[in-house]
Amino acid sequence: MKYTKDHEWLRVEGDLVVVGITEHAATQLGDVVFVELPEVETMVTTGDEVVVIESVKAASDILAPLDGEIVDVNQKLVDSPALVNEDPTGAAWFFKMRIDDLSVLDDLMDEDEYADLIG
Amino acid sequence: MSGLLRLPLHDLHVELGGKIVGFAGYDMPVQYPLGVMGEHLHTRAKAGLFDVSHMGQILAYPTGNIEELALDLERLMPIDVAGLAPWRQRYGVLTNDTGGILDDLMIAHRGDHFLIVVNAACKAADFDHLQAHLRCANLTMCSDRALLALQGPQAEAALAQILRGVGAMRFMDVRIFGDIWVSRSGYTGEDGFEISIPNTQVAVFARSLLAMQGVAPIGLGARDSLRLEAGMPLYGHDIDQTTSPVEAGLAWAISKTRRAGGARAGGFAGAARILAQLSSGVSRLRVGLRPDSRAPMREGVVLLDGNAPIGRITSGGFSPTLNAPISMGYLPLKFTEIGTLIAGDLRGKPTPLRVCALPFHPTNYKR
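Chains as they are written, first to last, in numbering that gives the first Met the number 0: chain A, 0 to 118; chain B, 0 to 366.
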């Protein structure tokens, strides 16, 4: 698992990258009540706002962690947004991306570096 | 250093795992480990303990007699103060000369004086306003007192274990138990109490309440979602110096006796505009709104009729009780009928909402 400073996790699955938010992020957001997912087959650039996530407290965005194409989204989150709090690093993945070169993941944080970030 | 003031219960909030944020100049717990949703539902089902010590508690003693002071206060608010019975309290608003709202408040008649409880962010300005305009009052800001709210269907059972006699109080009754001042009121739509207590005693008192079955600490997050469900306006958001009480849907608080034809009609700040609105109607009104989709629409969202902006959401969020988003905002009168379909500009996308009745969730007072 790799991590971004925006509290996203990335997991390689075959030739795709699965993206979600960390336990820390889910706790900070509080109870998630609404998730708006991107369209599949959308080309995105690093930093694009691709997901809207609303908790009881506020709206937040999930940013595209890499350049690439959104090839799958987790529709389960639309019906059960609470899954984000229940299983943020498992069942509550947000989207899958296809990227040109998986080696760019090497630049992201590993688990120890992320743990240092959130202290 | 945050430069924020600390509540007398600060250490207890931290010990309970409260997440502390700045609010109205104070370090306040926005939520505890239970979370906003859990705290909200707990309050509706059992009893929630809120620390609202940031609010202003102003004692107003008459320099002469209390009847004279009541009439003096009526010059600053469009409510019936003179007719307020001893040991009863009433909701009111301080108005400005153009009929806007300086603050909303509770005023309690306590035999030989009044207690006025005001919003934290306005308390210094309110005190100055009262000081400047009242002719026969001695005012004191009770900075040595904390304020707790215990709200929910199990509030009475819990509080009665410490203060026997609270069970006999009805909604909006006030009583003094030694150093402790109690009113049967709140800001959640539930039955419950607001309890003023010296700073030096509040920690022990709060701990004994929290030790009781069914009582949990509740943060500002759930306080906001509870009051939103109850359809209550939040000062600085849903009401302010530009909104009149009639536009804000608070005409119910303007006593008959202060209206045209009443025994003490008018004579309050902003009376010209407010009385005219009561007789000829308003051009805009605060309404409840239910988004069709599950996306919450929050403060600042522009309301649309087609592409034309017609108003703005002043409060909005997610209702844990309804399991759906809810909002409030101002709309021109012709859009205010229940069921009217409009849209909100949500991140650039017109998103449908329908006008609905307030409150979103029925109140549960002990009358």
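The beta-carbon is built from N, C-alpha and C at its ideal position, and this holds for glycine as well.
CB contact below 8 Å: residue i versus chain B
i      : result
A/F33  : yes
A/E53  : yes
A/K75  : no
A/A58  : yes
A/G118 : no
A/V49  : no
Neighbourhood of residue i by C-beta, 6 Å cutoff - its chain only, sequence neighbours within 5 removed
i      : result
B/K368 : The question about residue 368 of chain B has no answer, for chain B in this structure spans 0 to 366.
A/A81  : none
B/A370 : Since the first residue of chain B shown is 0 and the last is 366, residue 370 of chain B is not available in this structure.
A/S102 : none
B/A69  : V80 and A81
Cutoff 7 Å; reference residue i; Cβ partners in own chain excluding five residues on either side
i      : result
B/P349 : L303 and A342
B/Q130 : L138
A/N84  : A25, D30 and V31
A/V51  : E35, A58 and D60
B/N322 : none
B/G338 : R353 and V354
Min CB distance residue i to chain A below 8 Å
i      : result
B/G347 : no
B/G188 : no
B/G218 : no
B/S224 : yes
B/M0   : The predicted position of B/M0 is uncertain, since its pLDDT is 44 and thus under 50; a value taken from the coordinates is nonetheless stated next. No, B/M0 does not count as interfacial toward chain A.
Beta-ladder partner(s) of residue i, from DSSP
i      : result
B/M27  : B/V20
B/N64  : Per DSSP, none; premise fails for B/N64.
B/F192 : B/L149
A/E7   : A/I20
B/W180 : B/I175 and B/S195
B/Q56  : B/V116
B/M327 : B/G287 and B/S314
B/I253 : Answer by DSSP bridge pairing: none, since B/I253 is not bridged.
A/V34  : A/I52
B/M105 : B/Y90 and B/V116
A/T41  : A/I69
B/I238 : B/Y234
B/L138 : B/A59
8 Å CB neighbourhood of residue i in its chain, flanking five on each side removed
i      : result
B/G18  : Residue identity differs from the one stated: residue 18 of chain B is Lys in this sequence, not Gly. Excluding sequence neighbours, B/K18 sits near P28, V29, Q30, Y31 and G218.
B/M0   : Annotation note: pLDDT 44 at B/M0 (below 50); position unreliable, no value reported.
A/E12  : K95
A/D105 : none
B/L352 : L288, R289, P290, D291, M296, L302, S326, L340, I341, A342 and G343
B/L208 : L48, L147, L149, A157, L158, I161 and V214
A/M108 : K1, Y2, T3, K4 and L116
The ligand PLP heavy atom lying under 7 Å from the CB of residue i
i      : result
B/M327 : The ligand PLP is absent from the structure shown, which contains no ligand whatsoever.
Three Cβ pairs or more, each shorter than 8 Å: is that satisfied between the region 55-69 of chain A and the region 87-98 of chain A?
Touching, yes, given that three or more Cβ pairs across the two stretches are closer than 8 Å.
Pairs of beta-carbons, one from the region 40-50 of chain A and one from the region 8-18 of chain B, closer than 8 Å: are there three or more?
With the cut-off at 8 Å, the region 40-50 of chain A and the region 8-18 of chain B do not touch.
Mind checking the region 29-58 of chain B against chain A and listing, in chain order, the residues whose C-beta falls within less than 9 Å of any C-beta there?
Considering only beta carbons, the part of the region 29-58 of chain B lying closer than 9 Å to chain A consists of V29, Q30, G34, V35, M36, G37 and H39, in chain order.
Evaluate the contact criterion for the region 22-35 of chain A versus the region 48-58 of chain A: three or more CB pairs, one atom per stretch, below 8 Å.
The region 22-35 of chain A vs the region 48-58 of chain A: in contact.
Touch test, the region 165-172 of chain B against the region 343-350 of chain B, Cβ-Cβ under 8 Å, three pairs minimum
Output reads no: the region 343-350 of chain B does not touch the region 165-172 of chain B.
Quick one: which residues of the region 316-333 of chain B get their C-beta closer than 8 Å to a C-beta of chain A? List them in chain order.
Within the region 316-333 of chain B, G316, F317, P319 and P324 place their CB atoms closer than 8 Å to a CB of chain A, listed in sequence order.
Do the region 30-48 of chain B and the region 218-231 of chain B meet, that is, are 3 or more Cβ pairs less than 8 Å apart?
Per the Cβ contact rule, the region 30-48 of chain B is in contact with the region 218-231 of chain B (3 or more Cβ pairs under 8 Å).
Can we say the region 117-136 of chain B touches the region 75-82 of chain B, given the rule of at least three CB pairs closer than 8 Å?
With three or more CB-CB distances shorter than 8 Å, the region 117-136 of chain B counts as touching the region 75-82 of chain B.
Examine the Cβ distances between the region 223-234 of chain B and the region 253-273 of chain B and report whether three or more of them are shorter than 8 Å.
At 8 Å Cβ cutoff, the stretches do not touch.
With 7 Å as the limit, tell me which residues of the region 16-41 of chain A have their beta carbon closer than that to any beta carbon of chain B; keep them in chain order.
For the region 16-41 of chain A, the set of residues with a beta-carbon nearer than 7 Å to any beta-carbon of chain B comprises G29, D30, V32, F33 and E35, in chain order.
Inter-stretch contact at 8 Å, needing at least 3 Cβ pairs: the region 284-301 of chain B / the region 192-201 of chain B:
Short answer: they don't touch.
May I ask you to verify whether the region 78-87 of chain B touches the region 48-59 of chain B, counting CB pairs closer than 8 Å and requiring at least 3?
No, they do not touch.
Report the residues of the region 287-300 of chain B with a CB closer than 9 Å to any CB of chain A, ordered along the chain.
So the list reads S292, R293, A294, P295 and R297, given in the order they occur along the chain.
Is it true that the region 234-253 of chain B meets the region 94-105 of chain B, where meeting means three or more beta-carbon pairs spaced less than 8 Å apart?
Contact holds: three or more Cβ-Cβ distances are below 8 Å.
Could you say if the region 330-339 of chain B and the region 313-320 of chain B meet the contact criterion of at least three C-beta pairs nearer than 8 Å?
For the pair of segments examined, the region 330-339 of chain B was found not to touch the region 313-320 of chain B: the number of CB pairs separated by less than 8 Å stays below three.
For the region 273-283 of chain B and the region 108-123 of chain B, state whether three or more C-beta atom pairs, one from each stretch, are separated by less than 8 Å.
As far as the Cβ criterion goes, the region 273-283 of chain B does not touch the region 108-123 of chain B, which means the pair count is below three.
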